[in-house]
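Accompanying notes for the structure given below.
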Amino acid sequence: MSLIIQNRLKGTQNNSILSELLSNTIHFPIANIILELLKAGIVAHITELDMYIILASCLIQAYFLGKWNYQGKNRKLIGNLIAPALYTAIELPLEGLEFFDSYNHMLYWIIAISIGLLQQLQASSPQMLKTALKILENVIRTYIVLLMYAIYELTQPNSEPLSQFFNDESHVYFTAVLTLLGFVIGFAHVTADRYQNILQETASTMKTFSEWFLGGKLLSEAIEDNNSLKLKREERTVIFIDIRGFTAWSEKHTPEEVVSMLNNYFEISEDGWTEDNIIKIKYTGDEVMAICADKDIAVNDIRKINDKISKFLAQHNLNAGTGIHSGVMVEGIIGGKKVKAYDVIGDTVNTAKRICDKATDNQILASEYFLAGLNSMERTDNILEIEAKGKAEKIKVKRIK
9 MSLIIQNRLK
19 GTQNNSILSE
29 LLSNTIHFPI
39 ANIILELLKA
49 GIVAHITELD
59 MYIILASCLI
69 QAYFLGKWNY
79 QGKNRKLIGN
89 LIAPALYTAI
99 ELPLEGLEFF
109 DSYNHMLYWI
119 IAISIGLLQQ
129 LQASSPQMLK
139 TALKILENVI
149 RTYIVLLMYA
159 IYELTQPNSE
169 PLSQFFNDES
179 HVYFTAVLTL
189 LGFVIGFAHV
199 TADRYQNILQ
209 ETASTMKTFS
219 EWFLGGKLLS
229 EAIEDNNSLK
239 LKREERTVIF
249 IDIRGFTAWS
259 EKHTPEEVVS
269 MLNNYFEISE
279 DGWTEDNIIK
289 IKYTGDEVMA
299 ICADKDIAVN
309 DIRKINDKIS
319 KFLAQHNLNA
329 GTGIHSGVMV
339 EGIIGGKKVK
349 AYDVIGDTVN
359 TAKRICDKAT
369 DNQILASEYF
379 LAGLNSMERT
389 DNILEIEAKG
399 KAEKIKVKRI
409 K
């Protein structure tokens with residue numbers, strides 16, 4: 009898959025890392041920093057290492073989790089434990105065992121394990137259970153605010169015991185609202201994920217169909233620049249491959265057998281082209297037409313393809329002929345208002361086709377003009393002059409050995 013198309017459908021790894029940071033990893037650190045700011049004061053807290061350690065830890069976690077998510081690796085549980093593990097490993101030597109006396113430090117581990125476990129299970133769960141786990145995950149996420157608020161209240165002088173926390177009606181209201189918000193956000197995430205999956209599946213299917221008609225290179229160029237498919241004059245190499253005796257052979261076989269043979273034949277030719285050099289591949293009946301950018305790459309490709317095709321066709325008592333020519337042509341989108349196709353038009357195309365018509369017994373015939381433009385020396389036979397329909401003068405060609 010082209011990198012441009014892949015990035016459009018899947019996003020980049022950097023986008024995945026940023027998404028992980030904003031949608032998950034940074035939530036608890038933000039709540040913890042605000043709690044510490046309220047307890048210690050702004051000046052006192054920003055001059056301590058604590059805030060910077062937890063931020064650095066969450067950035068490292070976001071990097072690895074985002075990278076694993078992008079690669080399709082389900083490491084949610086272990087990934088969500090990276091930040092609390094780093095935070096604990098650095099803070100513990102600085103604070104000693106008093107580190108565990110802070111409720112928020114213990115809560116960090118509880119939240120990380122809970123969310124990590126729920127995310128890990130979602131990947132392998134049926135749809136209904138996955139939905140329930142997603143909603144529960146978001147409820148727990150909203151409870152970060154509630155629990156950090158409760159910790160703040162409990163650490164105040166003359167605070168009431170935890171058992172009396174819900175005696176305050178405002179606390180009941182706060183809890184009820186956050187719970188409902190968690191459910192609402194959870195349902196919203198489930199709905200958004202569902203539609204995103206549908207859109208990605210649809211886009212992936214359309215990409216496949218578009219590549220069939222345009223090819224990966226042209227599709228990538230069209231996505232990057234809408235004007236790239238407009239009609240323009242270009243110097244290209246055109247290659248035609250045509251099966252000899254195909255019509256007579258097909259009359260003796262069922263349509264299914266004919267299609268099966270053609271599909272194998274097309275696949276052999278398709279696998280032989282250098283992807284970055286191919287502008288367009290077109291199949292018409294038993295004929296292959298390839299438009300190439302670089303002559304030297306094209307001639308190396310066709311020699312290998314011809315060898316494989318000749319061996320395959322020999323199994324069916326068939327052979328092929330190949331014609332090559334280079335020159336200026338017009339390429340781009342042509343057609344009416346409703347039906348359009350990317351094609352190439354010009355005398356260069358017609359000449360390549362006429363040369364192909366004269367090639368038999370797995371010959372590769374190339375025009376003198378094409379051979380003259382090669383950087384490498386090709387082993388060829390003597391010059392042949394062939395008559396071509398619609399041409400006033402004979403075409404000078406050589407057979408590539």
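Using my numbering, the letters of the sequence shown correspond one by one to residues 9 to 409.
Virtual Cβ for every residue (Gly too), placed ideally from N, Cα, C.
Local conformation of residue i per DSSP, three classes
i, result
"residue 293", "coil"
"residue 45", "helix"
"residue 334", "strand"
"residue 410", "Missing from the structure shown is residue 410; the chain here goes from 9 to 409 and no further."
"residue 145", "helix"
"residue 276", "helix"
"residue 287", "strand"
"residue 360", "helix"
"residue 119", "helix"
"residue 94", "helix"
"residue 166", "coil"
"residue 40", "helix"
Environment of residue i [buried if 16+ CB atoms lie within 10 Å]
i, result
"residue 24", "buried"
"residue 346", "exposed"
"residue 185", "exposed"
"residue 135", "exposed"
"residue 294", "buried"
"residue 273", "buried"
"residue 401", "exposed"
"residue 269", "buried"
"residue 375", "buried"
"residue 37", "buried"
"residue 371", "buried"
Contacts around residue i, its chain only, beta-carbon distance under 6 Å, and the 5 residues preceding and following it disregarded
i, result
"residue 70", "25, 28, 29 and 33"
"residue 392", "405"
"residue 41", "59"
"residue 296", "249 and 277"
"residue 244", "299 and 337"
"residue 280", "309, 312 and 313"
Cutoff 8 Å; reference residue i; Cβ partners in own chain excluding five residues on either side
i, result
"residue 326", "251, 252, 253, 254 and 257"
"residue 87", "69, 72, 73, 76 and 124"
According to DSSP, residues forming a beta bridge with residue i
i, result
"residue 24", "Partner(s): none; residue 24 has no beta bridge."
"residue 393", "404"
"residue 374", "332 and 406"
"residue 298", "247 and 289"
Cβ neighbours of residue i in the same chain (closer than 7 Å, five flanking residues each side left out)
i, result
"residue 154", "182, 183 and 186"
"residue 174", "180"
"residue 266", "258"
"residue 323", "none"
For a minimum of 4 consecutive residues, which ranges assigned as the alpha helix (DSSP H) are wholly contained in the stretch 198-257?
224-232
Contained beta strand (DSSP E) runs [length at least 3] in the stretch 300-356, N- to C-terminal order
Within the stretch 300-356, the complete beta strand (DSSP E) runs of at least 3 residues are 327-343 and 348-353.
Note down, one range per segment and in chain order, each alpha helix (DSSP H) of at least 4 residues found wholly within the stretch 48-84.
Scanning the stretch 48-84 from its first residue to its last, the whole alpha helix (DSSP H) runs of 4-plus residues come out as 50-54 and 58-78.
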